[in-house]
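Worksheet: the structure to be examined is printed underneath.
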Amino acid sequence: MPISSLPSPYGIGTLGACARQFADFLAAGGQSCWQLLPICPTSYGDSPYQSFSSYAGNPYFIDLDDLAAEGLLRPEEYQGLSWGEDPQRVDYGLMYLQRYPVLKRAAERLLAAPPAEYAVFCETSAWLDDYALFMALKDQHSGASWFTWEPDIRLRRPKALAAARQALAEQVDFWKAVQFLFFRQWAALKRYANGRGVSIIGDLPIYVSADSADVWANPDQFQLDEEGIPTEVAGCPPDGFSADGQLWGNPLFDWERMKEDGYRWWLDRIAYQFTIYDTLRIDHFRGFDAYYAIPYGEATARNGSWRPGPGLDFFKAVNAKLGKRDIIAEDLGFLTDSVRELLRKTGYPGMKVLEFAFDSRDTGSDYLPHCYPTRCVAYTGTHDNDTILGWLATAPRKDAAFAKAYLRLNAREGYHWGMMRAAWASPADLAVMQAQDLLGLGSEARINIPSTLGENWKWRALPGVFTPQLARRLRKEAKVYQRLPKPKKASPSKKNASKTV
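In the numbering used here, the protein residues as written are 100 to 600.
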């Protein structure tokens with residue numbers, strides 16, 4: 100369930116009451132995990148996989164009521180504003196126009212008397228200075244990509260950066276304050292969810308956006324030319340789903356350069372993610388085995404070629420630096436034997452998506468639940484798939500018929516409940532459902548259609564849909580398939596410790 104999709108009065112889901120209520124629903128439903136999309140700021144196209152920073156938090160998610168409760172806002176400063184006409188869709192254009200003036204008032208009040216933890220946050224967030232300056236410079240350049248900035252700033256010449264920090268000090272302070280407000284609320288939400296027995300599964304995109312503080316501040320880590328322009332970019336080759344492939348456009352990593360310093364940039368990035376999440380899903384795992392490189396400027400992904408990735412050497416470095424951590428590998432798509440071997444050697448659980456099992460264009464029996472290993476995570480679909488009911492309504496007739504026969508689906512139980520039941524009944528150690536499927540929604544609730552622009556990333560749940568009745572049914576299913584969280588053993592008191600078995 101993405102944060103953006105939570106029901107709230109202010110146009111988009113937030114880290115406030117609506118998120119706490121959803122954590123309550125999960126706990127009542129016997130659920131132990133809440134998986135999110137990336138919580139970083141979205142850029143043009145509104146995708147959380149194309150962000151201005153892979154470290155920063157999305158300012159839109161800052162809860163305005165919680166700011167008011169702290170005295171940083173007055174209710175009349177935001178409650179009377181228009182936040183969109185459709186409570187089931189995010190209006191990102193309106194978010195951009197309305198949210199920042201409100202956040203500016205909150206930031207001004209915060210900075211007028213900053214708490215002690217603000218200075219600590221600024222000192223300990225190594226990424227923050229570059230991000231805040233990057234955003235201030237983007238504002239100065241009317242949002243234009245950093246590729247188009249004047250050479251001294253684009254190429255980060257020290258005198259130009261020092262002058263920019265001085266000239267844009269007020270704007271830099273604003274962006275720092277916004278991030279402080281975000282992560283203070285995020286920490287409170289995570290504590291709340293963890294206290295209810297719900298851990299947070301975060302999502303780490305393998306690539307970062309070309310127009311990001313990540314690339315601007317660390318150009319030596321990427322395959323760029325002397326002017327800072329990518330030489331090749333990321334994507335996926337043509338397949339049964341797309342004749343042109345997928346042209347993502349992200350700059351590619353300079354893996355040879357990264358290896359020289361022990362993958363420092365990557366290790367810092369992963370270590371940071373584990374300060375905000377309990378478990379981490381690493382997107383596009385196969386890119387660590389081999390990645391698809393498309394010449395910069397191509398209109399499609401047709402003319403790309405494969406390059407070797409860092410392989411097991413990279414994950415040995417991760418383990419050496421961070422120890423064994425809870426990582427899920429997104430190993431979907433066309434897999435080679437070398438990718439499967441890399442997954443086996445890392446020991447990470449991969450993903451199994453039920454909708455793929457019945458797609459005649461795709462992958463065969465590996466996705467049928469009777470074939471699942473225990474060490475995997477089962478999904479009915481992901482943010483890149485249709486909902487269960489949407490898929491059944493639009494899939495080729497023979498594919499839908501196969502799913503209904505294999506899963507014994509019927510209208511009385513509900514086709515969506517039948518498919519979710521199959522995931523819960525599978526051997527997978529963890530089973531994750533889409534919130535839209537719990538609600539029995541169709542294609543109107545789909546999160547994303549890859550390689551398209553338009554209505555992606557906009558779906559929102561209506562207020563009141565996550566009911567006690569739905570939680571009870573969810574808990575019942577979790578109990579049937581022995582997926583309820585194991586109760587924690589109470590610590591024996593000193594008085595009767597000797598009697599405890």
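The beta carbon of each residue, even a glycine, is placed where N, CA and C say it ideally should be.
For A322, name the three-state secondary structure that DSSP assigns. Here residue 322 is Gln; the residue named in the question, Ala, does not match the sequence. Under the three-state reduction of DSSP, Q322 is assigned to coil, being neither helix nor strand.
May I have the straight-line CA-CA distance separating E331 from A309, to the nearest angstrom? Rounded to whole angstroms, E331 to A309 spans 11 Å at the Cα level.
Could you pull out every unbroken alpha helix (DSSP H) segment of at least 4 residues lying fully inside the segment 392-441, listed in chain order? Runs found: 411-421.
Proximity to A416 [Cα-Cα], best of I548, T247, M357, A211: It is M357 whose Cα lies nearest to the Cα of A416.
Taking a contact to mean a Cβ-Cβ separation below 9 Å, would you say A155 touches R255 in this structure? Cβ atoms of A155 and R255: not closer than 9 Å.
Nearest to N349 by alpha carbon, out of K237, Y391, Y371? Put simply, of K237, Y391, Y371 the residue whose alpha carbon is nearest the alpha carbon of N349 is Y391.
Hey, could you find the ends of the alpha helix (DSSP H) G493 is sitting in? Note that residue 493 is Thr in the sequence shown, not Gly. Here the alpha helix (DSSP H) through T493 covers 487-493.
Just to confirm the assignment, what range does the beta strand (DSSP E) spanning Q134 have? Residues 132-134.
Below 9 Å between beta carbons: does that hold for Q322 and L351? Going by C-beta atoms, Q322 is nearer than 9 Å to L351.
What are the complete alpha helix (DSSP H) segments, minimum 4 residues, inside the segment 105-148? Those alpha helix (DSSP H) runs which fall completely within the segment 105-148 and span 4+ residues are 116-127.
Tell me whether T223 sits in a helix, a strand or coil according to DSSP, three-state version. The answer is helix: DSSP assigns T223 an H, G or I state.
With hydrogens ignored, establish whether the beta-carbon of W347 is closer than 8 Å to any heavy atom of the ligand PLP. With respect to the ligand PLP, the structure shown offers nothing to examine, as it has no ligands at all.
Can the beta-carbon of I381 be found less than 9 Å from the beta-carbon of I426? Going by C-beta atoms, I381 is nearer than 9 Å to I426.
On the criterion of 16 or more Cβ atoms from any shown chain inside 10 Å, does E216 qualify as buried, or is it exposed? Residue environment for E216: exposed (fewer than 16 other C-beta atoms within 10 angstroms of its C-beta).
Please state if the CB of P448 and the CB of L529 are separated by a distance shorter than 9 Å. Cβ distance < 9 Å, so L529 and P448 count as in contact.
Quick check on this structure: which residue in A577, Q197, P394 has the alpha carbon closest to the alpha carbon of W523? Cα-wise, what sits closest to W523 is A577.
Under the three-state reduction of DSSP, which class applies to T479: helix, strand or coil? Judged by DSSP in its simplified three-state form, T479 adopts coil rather than helix or strand.
Taking its Cβ as the centre, do 16 or more other Cβ atoms sit within 10 Å of N601, making it buried, or is it exposed? No information on residue 601 is available, as it lies outside the stretch 100 to 600 that the chain covers here.
Considering only C-alpha positions, which residue in the set R283, T493, C470, F565 is nearest to D458? That would be T493, whose Cα lies nearest to the Cα of D458.
Does DSSP classify S298 as helix, strand or coil? Here S298 sits in strand by DSSP.
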